[in-house]
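Okay, so here's the structure we're looking at.
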Amino acid sequence: MDLKRCAWLSDDPLYVDYHDNVWGRPVYDPIELFEKLCLDGQQAGLSWITILKKQHNYQELFANFDPKIIATFDDEKVEQLLLNPGIVRNRLKVNSIIRNAKAYLAFVESGNDFSTFLWDFVGGQPKVNHFSSMSDVPAQTPESEAMSKALKKLGFNFVGPTICYAFMQAVGMVNDHTTDCFRYGK
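If you're matching positions, the sequence shown starts at 157 in this note's numbering and goes up one per residue.
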């Protein structure tokens with residue numbers, strides 16, 4: 157039996173697995189949220205499948221997204237990273253992960269919880285949308301605009317409102333599986 161899935165999905169097995177088992181499932185772990193936010197920033201101007209195929213490389217090269225380690229990366233480390241074809245070799249994007257790690261650390265070291273901070277933009281629980289078609293799904297929302305503004309104020313970058321909305325979808329803050337998708341409502 158063929159399962160009905162969201163129309164944005166290709167038939168790439170990696171993408172299908174991502175759709176079926178990752179996208180839209182609530183994530184509360186602060187480091188997982190940090191990783192996903194950084195990876196969504198890497199996607200800017202590219203398709204998500206490009207980043208998804210490189211995710212393991214990012215995890216390996218960026219110390220499993222441990223902000224304490226990433227914050228120590230210097231110019232020499234950046235140059236090494238830019239030589240690696242396993243990631244997007246864009247200086248601004250590589251530096252954004254380092255900058256975001258420093259912003260993350262400053263935020264949590266002042267006694268804040270990153271997960272609570274992010275989830276507060278949707279009232280602490282997933283917002284279930286009822287879109288029947290991908291054309292109904294917005295690229296950004298007032299919540300993603302507010303998240304973007306707040307993250308930028310904290311020193312994060314590559315966190316525009318569209319990136320923040322894609323992040324919110326991916327980590328289950330919003331459920332944007334279309335109503336005809338077998339994952340809708342699960």
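Where a beta carbon is used, it is the ideal one built from N, C-alpha and C, also for glycine.
**Request:** Select from L310, S166, I253 and L170 the residue whose C-alpha is nearest the C-alpha of K192.
**Result:** Indexing the sequence shown from 1 puts residue 192 at position 36. Of the candidates L310, S166, I253 and L170, the one whose C-alpha sits nearest the C-alpha of K192 is I253.
**Prompt:** Measuring CB to CB, does F338 end up less than 7 angstroms from A302?
**Reply:** Residue mapping note: residue 338 aligns to position 182 of the sequence shown, counting from 1. Residue mapping note: residue 302 aligns to position 146 of the sequence shown, counting from 1. Taking 7 angstroms as the Cβ cut-off, F338 and A302 do not qualify as a contacting pair.
**Request:** Tell me whether K249 sits in a helix, a strand or coil according to DSSP, three-state version.
**Result:** For this step, residue 249 is matched to residue 93 along the sequence shown. DSSP places K249 in helix when its eight states are reduced to three.
**Contact belief for R255 with N313 at Cβ below 8 angstroms, rounded distance in angstroms** = Numbered from its first residue, the sequence shown carries residue 255 at position 99. Numbered from its first residue, the sequence shown carries residue 313 at position 157. Contact holds; Cβ gap of about 6 angstroms.
**Request:** State yes or no: is the C-beta of H333 within less than 7 angstroms of the C-beta of G180?
**Result:** In the sequence shown, the residue the question calls residue 333 occupies position 177. In the sequence shown, the residue the question calls residue 180 occupies position 24. Going by C-beta atoms, H333 is nearer than 7 angstroms to G180.
**Message:** If you reduce the DSSP assignment to three classes, tell me which class V315 lands in.
**Reply:** For the purposes of this step, residue 315 is taken as residue 159 along the sequence shown, with counting starting at 1. Three-state result, V315: coil.
**Prompt:** Which residue comes first and which comes last in the alpha helix (DSSP H) that contains W204?
**Reply:** Position 48 of the sequence shown holds residue 204. W204 to L217 is the span of the alpha helix (DSSP H), which, as asked, contains W204.
**Item:** In DSSP terms, what K233 is bridged to
**Value:** Residue mapping note: residue 233 aligns to position 77 of the sequence shown, counting from 1. Looking at the DSSP assignment, K233 forms no beta bridge with any residue, so it has no partner.
**Asked** Along the chain, where does the alpha helix (DSSP H) that runs through T272 open and close?
**Response** Walking along the sequence shown from the start, residue 272 turns up at place 116. Under the DSSP assignment, T272 falls in the alpha helix (DSSP H) whose first and last residues are F270 to W275.
**Prompt:** Expressed to the nearest angstrom, what Euclidean distance is found between the alpha-carbon atoms of R346 and I225?
**Reply:** Residue 346 lies beyond the residue range present for the chain, which begins at 157 and ends at 342; the question has no answer from this structure.
**Any 3 or more C-beta pairs closer than 8 angstroms across the region 317-332 and the region 279-286** = yes
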